[in-house]
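Chains as they are written, first to last, in my numbering: chain A, 1434 to 1825; chain B, 22 to 670.
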């Protein structure tokens, strides 16, 4: 089975090969283990980009293969980040609090420690009590489970409600967007217990690894991100190459016909929606420790639309297309908006890329939608002439 | 109080004897009473006040304020008085009559005049009297406002005295109103107070509510038995009205029971007795739980070194032996009963008023949502095109208004120009977008969403590049500036009323265009069956273009309206886009009435949720969206669902 799967999907091998080579090259260039030609901050950017690629792959499966334009997958990504961020913040604050309480005349009781941590973390929103959702924040295992389970559960409930009442097409997109907006507004509130618009910060400091340099930690996270992307890619490639892949593509192309053929369309859609949400959560959990900070603005509806933009530019219905789109657009965005791109002097007007990049991106996007509906991945098709190639 | 009455009587009599004394100056009057001014006493100060009143001079209230605030100084050399302020070791002198400023380096040449507290009270009362009878209307009103902000017992008599001479009917009404309020608070005769309180019970104003709650202010008290003569508001039961710990804490506060030993006390006692790494024979390192600390403390108790814990039984017994009650600060029970009645009467009307206010708020929010969404109801609802740039069309309309105001300074005129211009600009933008982008994507609705999103981010950034990131004002004309105040609870700004009527006009206009005009007929034909419409001689391209332009143009006008009450920023569109889609989807796609129903439902739901938690509008929005998501479960086609063939699919 496995052999035939690889044989049918040579692109998976090619992708894994490229990813491995990329990882090795980056490791050789890195500060921690290699020649030190690459700064730690750039290493982090690359690691973050791999996480974005992973969530883009998930988005591609749910949209490009199953035809559900979800405008909520970046929210699942953010939830994953929050879940792991809660443990990071709790554990690190616990360390700080224990150090400062060590000099007290009496050894601290568990209650004193908890209340001191609460004051440290929630002082910014004028509270010192631990909200109920932080109940498991002291346990890494449970929070890591939450990274998968919370987005999964949310997607399951939301998807069940939406698919069951046959909300499809643009209506579903609007509904998922509403869900994302509700979620980000909820996270923005101070009394939610996630520190309102302050978000969670200091996530780059990993508790228990204080003695390890950021350069090394960044490299570890880069490896973890590369591993997650590789595994996620293989998982999804395997999923979409089998019978399930055929059914969900059929659902994308004509949902009613698949239903008449006796398939339980809602079940398939729900499965795809939930699994991709879980993968998005994992990607977020790897992304935010590298970013160092997460706040509700990250999960605003526009972020999820950008995710769709990446997938569309890269090419829907091809997993590598999503990766190309996500990597290309996010790296170009950070290059252009970071101020390192040279301004263009037109004589009468200086084009500053920080101001004009979004205009260019928006127009590019319109052009891609109009003229290259298959995205960059479509160009590969012309070269390879893959008869099995992707979406309409 | 008696002294004051005496002063007033004196003042009146002197005024009668010397009707005009214009030759006098403030300084000369003061010099005539120099001794009494410089060394004021309660007995002598009244004569000075009477003289000042008789002289009918300007600037007396200011002088009285300076006198009271110890800003009056006397020059030792010639005994002249000055208003002075200490500065840089010297004095800045202000002449009482001319107001000319001069500077004196040596403070020792002057003596500061320091009236004592009793004198200052008399001056204060006189000051109120002076201000209340001031010839300047505004100063009289200001004095009344000052009284209303901070009512005090000794203002009642001057206020009553000033009512008779009042010529202006507005001020008179205000004086009588305040007189009633002060009577309710401070009159010596309880019957008069009760009458005044009953008269207040029809008044919804914040002022009156404040007065009533002042009369009804109560303090928590605890005693072995309720003492005689206390006006009890309520008797409280520990365990029901508050928990036992609070009850005991109150006993401790009232010195009726020994203090409990708090965890902090335990810690302090233990820390104080640490010796060689242990306390009471327990190693310090093991004291890392509450239980261990309590055990160690008990050892100390047994040794008699520290006060013992209060056992639950002792606590129960102490609480049972006492009565917890709330006592009114007002001793007269009849007065408080009347105030309670008045408060209850006001509360009923207040609830009704607040409900009316909430309804108005909800209506106004609904009309804003309707305005923002009605353009979408056409492009999305009728044509099925999902336009993520709709919000940016709203923003374009608002910026058009802003630019017009840059060139046309008259606000009424500029709004009148801005409305059609905004329509024209966004109509053009909409037509261009339809021609260039959307018409290629009619069969790929999901990609329309993405392409229009691309346009949306480009337009947003473009606006940022042109107009900057800070909010720009769109000023409404003066006649729209105020608010329609029905009473202290129910009021609504004229802008919101205007938006409401604008929404109504648009509803009528769009219904008219869709149902009664040739264009509307063709739009409906193309929507239902483009092929058939084309074979009837309708040009679907042209109709699609015009329809899209119409929807976009309405967004532009909505932008002007929204910009009038909110700030114009490049991001204002994205604030409305999701809600607008919700409105259209909830209402029922393809139906303008549905959009109206959707906007009404969302507006009322959001305001209704805010009613429960007024401090948190974010929560209201969150729950509103959740509500909408659930609502769509039960009516996937919206409130006003199309039936039969028109429903499509």
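Idealized CB from N, CA, C, for every residue including glycine. Note that the coordinates shown come from a computational prediction; the quantities given were computed from them, not determined experimentally.
Pairwise C-beta distances place the segment 1556-1569 of chain A out of contact with the segment 1535-1542 of chain A, as fewer than three of them are shorter than 8 Å. The segment 115-123 of chain B and the segment 158-173 of chain B do not touch, with fewer than three beta-carbon pairs separated by less than 8 Å. Residue pairing by DSSP places residue 111 of chain B opposite B:108 in a beta bridge. Within the segment 152-192 of chain B, the runs of alpha helix (DSSP H) that reach at least 4 residues and sit entirely inside it are, in chain order, 158-170 and 177-185. For residue 461 of chain B, the residues of chain A that pass the 7 Å Cβ criterion are 1803, in the order they occur in the chain.
The beta carbons of residue 1596 of chain A and residue 1449 of chain A sit no closer together than 7 Å. Interface residue (Cβ-Cβ distance to chain B less than 7 Å): residue 1598 of chain A is classified as such. At a Cβ-Cβ threshold of 7 Å, residue 1518 of chain A and residue 1715 of chain A do not count as neighbours.
Close partners of residue 1806 of chain A in chain B (Cβ separation under 8 Å): 465 and 468. In the structure shown, residue 1543 of chain A falls within a helical segment according to DSSP collapsed to helix, strand and coil.
Close to chain B, meaning a Cβ-Cβ distance shorter than 8 Å, are the following residues of the segment 1714-1748 of chain A: 1734, 1735, 1738, 1741, 1742 and 1745. Counting C-beta pairs closer than 8 Å gives fewer than three between the segment 201-211 of chain B and the segment 295-311 of chain B, which falls short of the contact rule.
If you keep only unbroken beta strand (DSSP E) runs of at least 3 residues inside the segment 468-542 of chain B, you get 504-506 and 512-514. In this structure, B:564 is the residue among B:564, B:660, B:339 and B:300 with its C-alpha nearest to the C-alpha of residue 456 of chain B.
Annotation: Cβ neighbours of residue 1603 of chain A in chain B (cutoff 7 Å, chain order): 407, 466, 467 and 470. DSSP places residue 278 of chain B outside both helix and strand once states are collapsed to three, so it counts as coil. Inter-segment contact for the segment 1613-1625 of chain A and the segment 655-662 of chain B is absent: fewer than three beta-carbon pairs are separated by less than 8 Å. Rounded to whole angstroms, the Cβ separation of residue 345 of chain B and residue 257 of chain B is 4 Å, and the two are in contact under 8 Å. Linking residue 1444 of chain A to residue 1768 of chain A through their CA atoms gives a straight-line distance of about 29 Å. By the 16-neighbour rule on beta-carbons within 10 angstroms, residue 500 of chain B is exposed.
The beta carbon of residue 656 of chain B is closer than 6 Å to none in its chain, skipping five residues each way along the sequence.
For residue 240 of chain B, DSSP records a beta bridge to B:348. Residue pairing by DSSP places residue 102 of chain B opposite B:95 in a beta bridge. In the three-state DSSP reduction, residue 83 of chain B falls in the helix class (H, G or I).
Against chain A, the beta carbon of residue 311 of chain B has neighbours under 8 Å at 1542 and 1544, listed in chain order. By the beta-carbon neighbour count (other beta carbons within 10 angstroms, threshold 16), residue 1578 of chain A is exposed.
Counting along the chain, residue 123 of chain B sits inside the beta strand (DSSP E) bounded by residues 122-125. Residue B:419 holds the alpha-carbon nearest to the alpha-carbon of residue 488 of chain B among B:419, B:577 and B:67. For residue 259 of chain B, the beta-bridge partners assigned by DSSP are B:263. Taking 7 Å as the CB threshold, residue 1611 of chain A lines the interface with chain B. Residues of the segment 620-651 of chain B that bring their beta carbon within less than 9 Å of a beta carbon in chain A comprise 637, 639, 640, 642, 643, 644, 645, 646, 647, 649, 650 and 651, in sequence order.
Non-local beta-carbon contacts of residue 595 of chain B in its own chain, meaning distances under 6 Å to residues more than five positions away in sequence, involve 412 in chain order. Here residue 537 of chain B is exposed. Its C-beta has fewer than 16 other C-beta atoms within 10 Å. If you draw a 10 Å sphere on the C-beta of residue 491 of chain B, you find fewer than 16 other C-beta atoms in it, and that means exposed. One Cα belongs to residue 1810 of chain A, the other to residue 1455 of chain A, and the distance between them is close to 20 Å. Residues of the segment 1436-1456 of chain A with a Cβ closer than 8 Å to any Cβ of chain B: none.
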